[in-house]
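There are 2 protein chains.
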Amino acid sequence: MALSDRKKQILKAVVDDYVQTAEPVGSRAVVARLKTNVSSATVRNEMADLERMGYLEQPHTSAGRVPSHLGYRLYVDELMNQYSVVPTEIDQFVSTLSLRMGELDRLITEAGRMVSELTNHPAIAVSPTMEEEAVRRFEVIQVDAETVVLVLVTTSDIIKNRICHLTFPLSDLEVTAANRALNAHFTNIPLEDLTDERITAAECGAGADITELLVAAIDFASDVLNTVMRRDIYLEGASQILKYPEFHDPGKAMALLDCLSDRNALSLLPVPDDKNPVQIRIGSENGTAPLDNASIIMTSFHTARGAKGLLGVVGPTRMDYAKVAARLCHFAEELNHLLNHDTRR
Amino acid sequence: MALSDRKKQILKAVVDDYVQTAEPVGSRAVVARLKTNVSSATVRNEMADLERMGYLEQPHTSAGRVPSHLGYRLYVDELMNQYSVVPTEIDQFVSTLSLRMGELDRLITEAGRMVSELTNHPAIAVSPTMEEEAVRRFEVIQVDAETVVLVLVTTSDIIKNRICHLTFPLSDLEVTAANRALNAHFTNIPLEDLTDERITAAECGAGADITELLVAAIDFASDVLNTVMRRDIYLEGASQILKYPEFHDPGKAMALLDCLSDRNALSLLPVPDDKNPVQIRIGSENGTAPLDNASIIMTSFHTARGAKGLLGVVGPTRMDYAKVAARLCHFAEELNHLLNHDTRR
DNA sequence: GGTTAGCACTCGAACTTCCTGAGTGCTAAA
DNA sequence: TTTAGCACTCAGGAAGTTCGAGTGCTAACC
């Protein structure tokens, strides 16, 4: 049973009005917002229909109507305006971020921070990962006799390092040997194959006593792969949620923030795919109590190596979906540009 | 004019009670908390004195008393109990953090996260820096023909890296030359001396066309030094503030969080020194409106190279100073241990 | 002198009651 | 099918009331 065009217009008007005012919308307000010359009584009848169909709700008899989750869903899927993004915001986003290129972790949190600032919502950022990650390149850098820095580059171009104090001084030769051994035996193999036997094997081939260094390096590598493959999730601009009257109740606000600050919050997020590059999850669709009055919009971005990260926002169900989704899309796009073309700076 | 011992005991009782209940404290509650057998009337007289002296305040005539900032100050300086920290908490702190050693940035935020969790307050963490920072060591690592990773270690052992795509392929020889040139000409000189003239000079000595690489490296170095010398400030567990009734008003909570999320929040923080390794700033002592009802406790930690970072918490003025300060001290101490002894893992 | 019992007084918090007005649903006419 | 009209509902605010925790003061007491 399809909705008449007028019903859709009325639903759209209700959502638009409610998003702006946060107050239940009455029939007169809808009339004021619509161009057509129908009376409020007509609108009332239509609204009663929409309520019966599940698109609107009434907080109490003598109040106006509020969109239901179903109403928002229809709005998001069919009705909402295209929103154009102000270029200055994009500029701001790009110029702030281009200062942080090269430090991937920081870039992600910084992107979250900007998104939060520019959308006025708390932002969620998830660091990019690939399904299978391995070490692509090892490097041992000697800082002083007993100190080295271990650097490794992963398959998806993430670079990590660790400073490492040894109990024995190392010669140049040993450093070179370690370098060769590490790159020969421990690159391009998956995490689970970084075993002790391999270390022994590598060591035999090296012809120098560098066990300590090798062990440290492999230890480091497995830490890194563990960390990298465990996607990190960042919540930025949490306090923004307090701007919205639906979260003025500190209990609700805390429940929301706590559940998103959790390291396992990832499982709560909708993940965009090729068919839906922007995922919108509304209220109870989130499937967990603290998020019942919240909506989440997520997009993805990817690094040059194809690792996929996520970027999104949380807000009240009464969220300006059009505006926020549009911005988010643009930001993700710009992030892709930054990550893929302009790698030097 | 010094306070009598009994007055001090009464003040202490008021603070202790108020910290626990968040309700103005009446004379009877004080009597119940004191061991001495004085009547509530006596306590009332003393409390009236304490109010006249500025240590207590009365929200309204028919209510109990609340400590003033001055009262908290005296409490903190002279009266509060020594608090002993539960070892399990320290264990938790240490074991979580030891997983993150070697990534300094992450370590700091993670430390903040733990502090916030274990104290139930939002935590502030400031990344360590030295007054003067320079590059101690450069390394150019070739990933493929046109791609290198630049790694540098700063004076205070911070390690940063950047991946760098060049327009020309590089030979092994050129990489070695660049390495040598960078370490010969650009280590141990302060940020402001990383000038173009030096690049030209270095290049002449190198005997190979590696300008592009050198420029990129120096560019990177100055970025890093800029970033590193600009102390970064992290606010973790922001939502904790909502636990406290004094910040149930979303406006106040937001004002507080916004002012601390700001990148320039550093100037608002008390900085511990040798004489006061734990700085406590109470309410209006903070000198800015959004922090009038908040107190800040800060301690410092330092890296092996002596760079000093900060770790602290924010809370309502009605904060359990004894408990929080004690924990914070222990955490900072453990962080020092981790950073200075146990660098390998 | 300091300490205490007793008492009148104060005033916020919580609970009523009342009123207002926005908004509804329904009916009957256009 | 639309509209005007009207009776009805009910949240939210204003005004009034009560309740009780807590005070300051006085006068007696040690």
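Chains as they are written, first to last, in the numbering used here: chain W, 1 to 345; chain D, 1001 to 1345. Glycine included, C-beta positions come from ideal geometry on N, C-alpha and C.
Nearest residue (CA-CA) to residue 76 of chain W, options W/339, W/209, W/276: For the purposes of this step, residue 76 of chain W is taken as the residue at position 76 of the first sequence. Ranking the options by Cα distance to residue 76 of chain W, first place goes to W/276.
At least 3 beta-carbon pairs within less than 8 Å: the stretch 65–76 of chain W vs the stretch 250–265 of chain W: no
Reference residue 81 of chain W; option with closest CA among W/323, W/327, W/7, W/11: Locating residue 81 of chain W in the first sequence gives position 81, counting from the first residue. Selected option, being the one with the closest Cα: W/323.
Segment limits, beta strand (DSSP E) that includes residue 93 of chain W: Taking the first residue of the first sequence as position 1, residue 93 of chain W is located at position 93. No beta strand (DSSP E) contains residue 93 of chain W, which is instead part of the alpha helix (DSSP H) from 87–98.
Residue 1323 of chain D: first and last residue of the uninterrupted alpha helix (DSSP H) it sits in: Within the second sequence, numbered from 1, the residue matching residue 1323 of chain D stands at position 323. Unbroken alpha helix (DSSP H) run through residue 1323 of chain D: 1321–1340.
Closer than 8 Å at the beta carbon, the chain W residues around residue 1297 of chain D: On the second sequence, position 297 is the one that residue 1297 of chain D refers to. Ordered by position in chain W, no residue passes the 8 Å Cβ test against residue 1297 of chain D, which lies about 21 Å from the chain.
Coarse secondary structure for residue 1130 of chain D, derived from DSSP in three states: Taking the second sequence and counting its residues from 1, one reaches residue 1130 of chain D at position 130. Note: residue 1130 of chain D maps to coil in three-state DSSP.
Beta bridge counterpart(s) of residue 308 of chain W as assigned by DSSP: Against the first sequence, residue 308 of chain W aligns to sequence position 308. BP columns for residue 308 of chain W point to W/129, W/302.
Delimiting residues of the beta strand (DSSP E) encompassing residue 168 of chain W: Along the first sequence, one-based indexing puts residue 168 of chain W at 168. Where residue 168 of chain W is concerned, there is no enclosing beta strand (DSSP E), given that its DSSP letter is neither H nor E.
Local Cβ density within 10 Å of residue 257 of chain W, reported as buried at 16 or more and exposed below that: One-based indexing of the first sequence puts residue 257 of chain W at position 257. The residue in question, residue 257 of chain W, is buried, as its Cβ has 16 or more Cβ neighbours within 10 Å.
is_contact[residue 127 of chain W, chain D] using C-beta, thresh 9 Å: Translated into positions along the first sequence, residue 127 of chain W becomes position 127. Not one chain D Cβ lies under 9 Å of residue 127 of chain W.
Chain D contacts made by the stretch 279–312 of chain W, where a contact means CB separation under 8 Å: none
Same chain, Cβ closer than 7 Å to residue 1253 of chain D, neighbours up to 5 away in sequence not counted: Here residue 1253 of chain D refers to the residue found at position 253 when the second sequence is read from its first residue. 1241, 1242, 1247, listed in sequence order.
Within-9 Å CB hit, residue 1344 of chain D to chain W: Position 344 of the second sequence holds residue 1344 of chain D. Residue placement at residue 1344 of chain D is flagged as unreliable, the pLDDT there being 39, under the threshold of 50; a coordinate-derived value is accordingly withheld.
DSSP-derived helix/strand/coil call for residue 150 of chain W: Mapped onto the first sequence, residue 150 of chain W falls at position 150. In the structure shown, residue 150 of chain W sits in a strand (DSSP, three-state: E or B).
Of the listed residues D/1310, D/1304, D/1119, nearest to residue 1337 of chain D (C-alpha basis): For the purposes of this step, residue 1337 of chain D is identified with residue 337 of the second sequence, where counting begins at 1. The residue with the shortest Cα to Cα distance from residue 1337 of chain D is D/1304.
Residues bridged to residue 1236 of chain D (per DSSP): Taking the second sequence and counting its residues from 1, the one referred to as residue 1236 of chain D is at position 236. BP columns for residue 1236 of chain D point to D/1123.
For residue 190 of chain W and residue 132 of chain W, believed in contact at Cβ under 8 Å, the rounded distance: Translated into the one-based positions of the first sequence, residue 132 of chain W becomes position 132. Translated into the one-based positions of the first sequence, residue 190 of chain W becomes position 190. Right, their Cβ atoms sit about 6 Å apart.
Rounded separation between residue 39 of chain W and residue 27 of chain W - CA only: Translated into positions along the first sequence, residue 39 of chain W becomes position 39. Translated into positions along the first sequence, residue 27 of chain W becomes position 27. Roughly 9 Å separates the two Cα atoms.
Distance, residue 1050 of chain D Cα to residue 1033 of chain D Cα: Here the question's residue 1033 of chain D lines up with position 33 in the second sequence. Here the question's residue 1050 of chain D lines up with position 50 in the second sequence. In a straight line, the C-alpha of residue 1033 of chain D is about 17 Å away from that of residue 1050 of chain D.
Cα-Cα separation, residue 1160 of chain D to residue 1108 of chain D: The residue labelled residue 1160 of chain D in the question sits at position 160 within the second sequence. The residue labelled residue 1108 of chain D in the question sits at position 108 within the second sequence. Distance between the alpha carbons of residue 1160 of chain D and residue 1108 of chain D is about 15 Å.
Rounded separation between residue 219 of chain W and residue 1236 of chain D - CA only: As a first step, residue 219 of chain W is located in the first sequence; it is residue number 219 there, counting from the start. As a first step, residue 1236 of chain D is located in the second sequence; it is residue number 236 there, counting from the start. C-alpha separation (whole angstroms): 29 Å.
Simplified DSSP state of residue 1349 of chain D, which is helix, strand or coil: Given that chain D is displayed from residue 1001 to residue 1345, the structure contains no residue 1349 of chain D and the question cannot be resolved.
Contact under 9 Å by Cβ, residue 1124 of chain D with residue 1251 of chain D: What you label residue 1124 of chain D is simply residue 124 of the second sequence in a count that begins at 1. What you label residue 1251 of chain D is simply residue 251 of the second sequence in a count that begins at 1. Result no, Cβ atoms of residue 1124 of chain D and residue 1251 of chain D do not sit closer than 9 Å.
Inter-residue CB distance, residue 1187 of chain D and residue 1307 of chain D (contact presumed, cutoff 8 Å): Residue mapping note: residue 1187 of chain D aligns to position 187 of the second sequence, counting from 1. Residue mapping note: residue 1307 of chain D aligns to position 307 of the second sequence, counting from 1. No, residue 1187 of chain D and residue 1307 of chain D are not in contact; Cβ-Cβ is about 18 Å, not under 8 Å.
Residue 1218 of chain D - containing alpha helix (DSSP H), residue span: Taking the first residue of the second sequence as position 1, residue 1218 of chain D is located at position 218. Where residue 1218 of chain D is concerned, the enclosing alpha helix (DSSP H) stretches over 1211–1229.
Those residues which DSSP pairs with residue 25 of chain W across a bridge: Here residue 25 of chain W is taken as the residue at index 25 of the first sequence, counted from 1. BP columns for residue 25 of chain W point to W/65.
Distance cut-off 8 Å: residue 1229 of chain D Cβ against heavy atoms of the ligand PLP: Questions concerning the ligand PLP fall outside what the structure shown contains, since it holds no ligand whatsoever.
Short-range partners of chain W found in the stretch 1164–1187 of chain D, where Cβ spacing is below 8 Å: 1164, 1165
Cβ neighbours of residue 245 of chain W in the same chain (closer than 7 Å, five flanking residues each side left out): Stepping through the first sequence from its first residue, residue 245 of chain W is reached at position 245. Same-chain partners within the cutoff: 22.
Coil, strand or helix - residue 1020 of chain D by DSSP: For the purposes of this step, residue 1020 of chain D is identified with residue 20 of the second sequence, where counting begins at 1. Here residue 1020 of chain D sits in helix by DSSP.
is_contact[residue 1275 of chain D, chain W] using C-beta, thresh 9 Å: Taking the first residue of the second sequence as 1, we reach residue 1275 of chain D at position 275. For residue 1275 of chain D, the answer is no, since every Cβ of chain W falls outside 9 Å of its Cβ.
Cβ-Cβ distance between residue 149 of chain W and residue 141 of chain W below 9 Å: Locating residue 149 of chain W in the first sequence gives position 149, where the first residue counts as 1. Locating residue 141 of chain W in the first sequence gives position 141, where the first residue counts as 1. Yes, the Cβ-Cβ distance between residue 149 of chain W and residue 141 of chain W is below 9 Å.
Whether residue 100 of chain W touches residue 110 of chain W by CB criterion (9 Å): Position 100 of the first sequence, counting from 1, holds the residue named residue 100 of chain W. Position 110 of the first sequence, counting from 1, holds the residue named residue 110 of chain W. Taking 9 Å as the Cβ cut-off, residue 100 of chain W and residue 110 of chain W qualify as a contacting pair.
Residue closest to residue 273 of chain W, alpha-carbon to alpha-carbon, out of W/213, W/300, W/261: One-based indexing of the first sequence puts residue 273 of chain W at position 273. Residue 273 of chain W has its Cα closest to that of W/300, out of W/213, W/300, W/261.
Positions along the stretch 1139–1160 of chain D whose CB lies within less than 8 Å of some CB in chain W: 1139, 1141, 1143, 1149, 1151, 1153, 1157, 1159, 1160
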